[in-house]
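In the order they appear, the protein sequences are chains L and R.
Residue numbers for the first sequence follow the numbering used here, so the first one is 1 and each next one is one higher.
Residue numbers for the second sequence follow the numbering used here, so the first one is 360 and each next one is one higher.
Just so you know, even glycine gets a beta-carbon here, dropped at the ideal spot from N, CA and C.
Everything numeric in this text was worked out from a predicted model, so none of it was measured.
These notes concern the structure reproduced below.
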Amino acid sequence: MNSDIVNPKQATAILSVFLISGTSVTMNNYLSKQNTWISLIISVAVSAVMFLLFAKILKLFKGKNLFEISERCFGRLGSKLISAVVVIYAFIRGIVALRSFCEMVTITSLDETPILFIAVFVMLTSAFMIKSGLYVMGKCSLFFAAVIVFITALTTLLSIGVMQFENLMLTGISAASLVADSVSFITHPFLDALLLLCLFSHIKNNANHSKIFIWALILAALVMVVTLLRDILILGGETFSQLYFPSYSATGIINIYNFLQRISVLDAVKTLFSVLIEVSVCLFCVTKGLGFLIRYDSYKNLAFPVAMLMSVLCTVCFSSTMVLADFTKNLTYFALPAQILLSLVILGMGTLKNKQKNS
Amino acid sequence: MALFCLVTIIYVLIFIFDYPRLRSAKSLKQAVVYWGVLTVAYVITFIYCLFWSIPTLPSF
Chain L
1 MNSDIVNPKQ ATAILSVFLI SGTSVTMNNY LSKQNTWISL IISVAVSAVM FLLFAKILKL
61 FKGKNLFEIS ERCFGRLGSK LISAVVVIYA FIRGIVALRS FCEMVTITSL DETPILFIAV
121 FVMLTSAFMI KSGLYVMGKC SLFFAAVIVF ITALTTLLSI GVMQFENLML TGISAASLVA
181 DSVSFITHPF LDALLLLCLF SHIKNNANHS KIFIWALILA ALVMVVTLLR DILILGGETF
241 SQLYFPSYSA TGIINIYNFL QRISVLDAVK TLFSVLIEVS VCLFCVTKGL GFLIRYDSYK
301 NLAFPVAMLM SVLCTVCFSS TMVLADFTKN LTYFALPAQI LLSLVILGMG TLKNKQKNS
Chain R
360 MALFCLVTII YVLIFIFDYP RLRSAKSLKQ AVVYWGVLTV AYVITFIYCL FWSIPTLPSF
């Protein structure tokens, strides 16, 4: 059996867990406060269109990954340039996700533990996943997706007692803040799904890509909206928008007759699983892209060195949590135009090339 | 120091794990890229551990 082939179910799980990771550790102060869930729904609607566009690209170039697609569309030099941009972006996104997770661990519990120590072990797991083949990532994602859905449902049900429904009142809605938050959601995590075009060439040939993208989006959106609503109802819009890890704080409040309490550890498990998949996808893109750039036969050989480089750079690149939060915010301004432009240009060129081929 | 030792052990394990595949690498370029990335990561780790163990020095 080929260990690099994933079935549509596993691909859906990989994409949905990857998307859920975007709201697990946000490092983002939501401007629309208690109305953030509206921004999320707007961004889901916009992303659905972009996801159909990604599916169309994959349909045009069956069995090809993002790097091979860009080579077909832009020639050798153009593809090298685009691949370099994608590799750098995946590398930065991986570093940011990893550092955000490490910050969460050090801030909430292991405050004396060096960040490098946590980062190295997360990256080693990721690298091992890449080395073992995509099939392993697919299988893990299926399990992780089930656990994440279970944890979200359980913590939401248990938190009903501490929810204050007046927190959800639609007051102070500002169009500017809604748009700002929607753009932030669209950039990360939704349009980061562009990175998965490197991975989706490994899906079984008869797969329906539109179905995979839309089901993954629906599953991820459900989990994200429920999580956001739960956090807002428990914490209130003001507190929710000021915390770096609102989910962790919200689940920490849950207390069932002093018998069941401090179940924020469940949220930490959810975060760990989702970040592990996000970092693995980024690592896969970087290794695959590097392999493409230097014509490396077996990209998997690069998994461990790149993983170590990512873990070290995530430690040294950001001097504090605030620097990381600022960097994450600023990354949106560069990422969004690149994501939209790249997908549109690839689709346009792909359609043009196909027409030329047919005529 | 303990952190540096631990990370060094991990690098050695990675080398042992990857060595058989690296021996069968088809071109020098592939080996150079592998070793280049690994060496850069190790050097940064070394410098980080050096500074991390002396809190009074400015951090990165």
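* Neighbourhood of threonine 227 of chain L by C-beta distance below 7 Å, restricted to the same chain and skipping five residues each side -> Within the first sequence, the letter at position 227 stands for residue 227 of chain L. Contacts found: Thr23, Thr152, Ser247.
* Asked: If you measure from the beta carbon of tyrosine 378 of chain R to each beta carbon in chain L, is any gap under 7 Å?
  -> Numbered from its first residue, the second sequence carries residue 378 of chain R at position 19. No, tyrosine 378 of chain R does not count as interfacial toward chain L.
* To do: Figure out for me which residue from L:Lys355, L:Ser39, L:Leu229 has the closest Cα to the Cα of isoleucine 160 of chain L.
  => One-based indexing of the first sequence puts residue 160 of chain L at position 160. Taking only the C-alpha atoms, the option nearest isoleucine 160 of chain L is L:Leu229.
* Who are the Cβ neighbours of methionine 129 of chain L in its own chain at under 6 Å, not counting the five residues just before and after it? -> For the purposes of this step, residue 129 of chain L is identified with residue 129 of the first sequence, where counting begins at 1. The residues are Val136, Met137, Ser280.
* Asked: If we call anything under 7 Å between Cβ atoms a contact, is cysteine 314 of chain L one with arginine 99 of chain L?
  -> Taking the first sequence and counting its residues from 1, the one referred to as residue 314 of chain L is at position 314. Taking the first sequence and counting its residues from 1, the one referred to as residue 99 of chain L is at position 99. Cβ atoms of cysteine 314 of chain L and arginine 99 of chain L: closer than 7 Å.
* Alpha carbon of phenylalanine 334 of chain L to alpha carbon of tyrosine 257 of chain L, nearest angstrom -> Numbered from 1 along the first sequence, position 334 holds the residue referred to as residue 334 of chain L. Numbered from 1 along the first sequence, position 257 holds the residue referred to as residue 257 of chain L. Straight across, the Cα-Cα distance linking phenylalanine 334 of chain L with tyrosine 257 of chain L is about 48 Å.
* Could you give the residue range of the alpha helix (DSSP H) that holds alanine 145 of chain L? -> Reading the first sequence from its first residue, position 145 is the one you call residue 145 of chain L. In the DSSP assignment, alanine 145 of chain L falls within the unbroken alpha helix (DSSP H) covering 134-158.
* Between alanine 216 of chain L and leucine 19 of chain L, which are expected to be in contact by the criterion C-beta below 8 Å, what is the C-beta distance as a whole number of angstroms? -> As a position in the first sequence, residue 216 of chain L is number 216, starting the count at 1. As a position in the first sequence, residue 19 of chain L is number 19, starting the count at 1. Their Cβ separation, rounded to whole angstroms, is 7 Å, which keeps alanine 216 of chain L and leucine 19 of chain L in contact under 8 Å.
* To do: Quick one: give me the first and last residue of the alpha helix (DSSP H) that glycine 291 of chain L is part of.
  => Numbered from its first residue, the first sequence carries residue 291 of chain L at position 291. Residues 264-293.
* Asked: Taking just the CA atoms, how far does valine 46 of chain L sit from histidine 202 of chain L?
  -> If you number the first sequence from 1, residue 202 of chain L lands on position 202. If you number the first sequence from 1, residue 46 of chain L lands on position 46. Whole-angstrom Cα-Cα distance: 26 Å.
* **Endpoints, the alpha helix (DSSP H) within which proline 114 of chain L is located** => As a first step, residue 114 of chain L is located in the first sequence; it is residue number 114 there, counting from the start. That residue, proline 114 of chain L, is in no alpha helix (DSSP H); it is neither H nor E in DSSP.
* To do: Would you check whether the ligand MN has a heavy atom nearer than 6 Å to the C-beta of leucine 66 of chain L?
  => With respect to small molecules bound, the structure shown includes none, and the ligand MN cannot be examined in it.
* Leaving out five residues before and five after leucine 336 of chain L in sequence, what residues of the same chain have Cβ atoms less than 6 Å from its Cβ? -> The count along the first sequence starts at 1 and reaches residue 336 of chain L at position 336. Thr187.
* To do: Please determine, among L:Gln34, L:Ala127, L:Lys80, the residue with the shortest C-alpha to C-alpha distance to aspartate 377 of chain R.
  => Position 18 of the second sequence, counted from the first residue, corresponds to residue 377 of chain R. That would be L:Ala127, whose Cα lies nearest to the Cα of aspartate 377 of chain R.
* Asked: Apart from the five residues just before and just after leucine 409 of chain R, which ones in its own chain have a Cβ nearer than 6 Å to its Cβ?
  -> Within the second sequence, the letter at position 50 stands for residue 409 of chain R. Scanning its chain for C-beta atoms nearer than 6 Å, with the 5 sequence neighbours on each side dropped, one finds no residue around leucine 409 of chain R.
* Are the C-beta atoms of valine 17 of chain L and some chain R residue less than 7 Å apart? -> On the first sequence, residue 17 of chain L is found 17 positions in, with the first residue counted as 1. Answer no: the Cβ-Cβ gap between valine 17 of chain L and chain R never drops below 7 Å.
* Are the Cβ atoms of glutamate 278 of chain L and serine 21 of chain L separated by less than 7 Å? -> Translated into positions along the first sequence, residue 278 of chain L becomes position 278. Translated into positions along the first sequence, residue 21 of chain L becomes position 21. Yes, the Cβ-Cβ distance between glutamate 278 of chain L and serine 21 of chain L is below 7 Å.
* **Where the alpha helix (DSSP H) containing serine 47 of chain L begins and where it ends** => In the first sequence, residue 47 of chain L corresponds to position 47, counting from 1. Here the alpha helix (DSSP H) through serine 47 of chain L covers 36-60.
* Where do the ends of the alpha helix (DSSP H) carrying aspartate 377 of chain R lie? -> Residue 377 of chain R sits at position 18 when you count from the first residue of the second sequence. Start and end: 361-382.
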